[in-house]
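To keep things clear, I will list the structure first and then write my remarks on it.
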Amino acid sequence: FRVFTPADSIEVRAAMQEIYSGGGPVYLRLGHEPTTPIHRSPLATQNHLLHVREGSDIVLMAAGPAVETALGAADIADQHGISVRVISCLQLAPMSTLELMAVADELPIVTLEDHSVVGGLGTVVLETLSEASALRPLRRLGYRRDGLLMYGSQAFLRQSQGLTAEGTAAALLAMVRAD
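If you read the sequence shown in this note's numbering, its first letter stands for residue 0, the second for the next number, and so on.
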């Protein structure tokens, strides 16, 4: 079973090519709102964990529409002297242990998703690292259980859960400074 969460139209095209050429069941999760292009040209890689910004202090892994927020958070963190590597997670499941180890190095990780923290990107990353005996500091940002009881626009829900560029940057800064 494969799960894809493309961040922009370029990633949608790459996911569709893989879905078409691969076998078995697939879940393709698309955002409700148009997104800003993340990539300038078609992807020239078969990797599913895509570097969209280099950084050396912490890794911010995001999925789908949250990649745009992650890039905004990285800009804010940069103003505070924190260098953030941003990874777009095109395919969540199965997650390649080799790819994860390559993008994360030995850096602390924050995951950001427009999804519940239960059973989402953060869970997949934790499970993959655990199975490889490579755990490291990790913080999951996403909808908390109590946040699922709220209703409103996506912008309202993201704001209420701190899933904005500012809220994400604050989490990044706190994690780096605690280290």
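Just so you know, even glycine gets a beta-carbon here, dropped at the ideal spot from N, CA and C.
With DSSP as the reference, identify every bridge partner of residue i, one or two as the case may be.
i, result
"Phe-3", "Leu-27, Gln-90"
"Tyr-142", "Ser-115"
Taking residue i as part of the alpha helix (DSSP H), name the residues at either end of that continuous run.
i, result
"Leu-106", "It is not in any alpha helix (DSSP H) - Leu-106 carries neither H nor E in the DSSP assignment."
"Glu-32", "Taken as a continuous stretch (DSSP letters only), Glu-32 belongs to no alpha helix (DSSP H), as it is neither H nor E."
"Ser-159", "153-159"
"Met-149", "Careful: Met-149 lies outside any alpha helix (DSSP H) and carries neither H nor E."
"Arg-12", "8-20"
"Gln-78", "65-78"
Which of the three DSSP states, helix, strand or coil, is assigned to residue i?
i, result
"Arg-84", "strand"
"Leu-137", "strand"
"Thr-167", "helix"
"Asp-178", "coil"
"Ile-37", "coil"
"Ser-129", "helix"
"Leu-162", "coil"
"Leu-42", "coil"
If you follow the beta strand (DSSP E) that residue i is part of, which residue opens it and which one closes it?
i, result
"Met-60", "57-61"
"Arg-52", "48-52"
Excluding five sequence neighbours on each side, which residues of the same chain lie with their C-beta closer than 8 angstroms to the C-beta of residue i?
i, result
"Asp-178", "Pro-107, Pro-136"
"Pro-24", "Phe-0, Arg-1"
"Ala-169", "Gly-161"
Spatial neighbours of residue i within its chain, please: CB distance less than 7 angstroms, with the 5 preceding and 5 following residues excluded, ordered by chain position.
i, result
"Ser-95", "His-47"
Once you ignore the five residues that flank residue i on each side, which residues in its own chain have a CB closer than 6 angstroms to its CB?
i, result
"Arg-139", "Thr-110, Val-116, Gly-121"
"Ala-73", "Arg-52, Val-83, Val-85"
"Ser-87", "Ala-6, Leu-49, Val-51, Val-66"
"Ala-69", "Leu-59, Ala-61, Val-85, Leu-111"
"Tyr-26", "Val-2"
Inset, instruction - May I ask you to verify whether the stretch 23-37 touches the stretch 60-73, counting CB pairs closer than 8 angstroms and requiring at least 3? - result: yes
Inset, instruction - Taking 8 angstroms as the threshold, find out whether the stretch 97-115 comes into contact with the stretch 40-54 through three or more Cβ pairs. - result: Using a Cβ-Cβ distance cut-off of 8 angstroms, the stretch 97-115 and the stretch 40-54 are in contact, since at least three pairs of beta carbons, one from each stretch, lie closer than that value.
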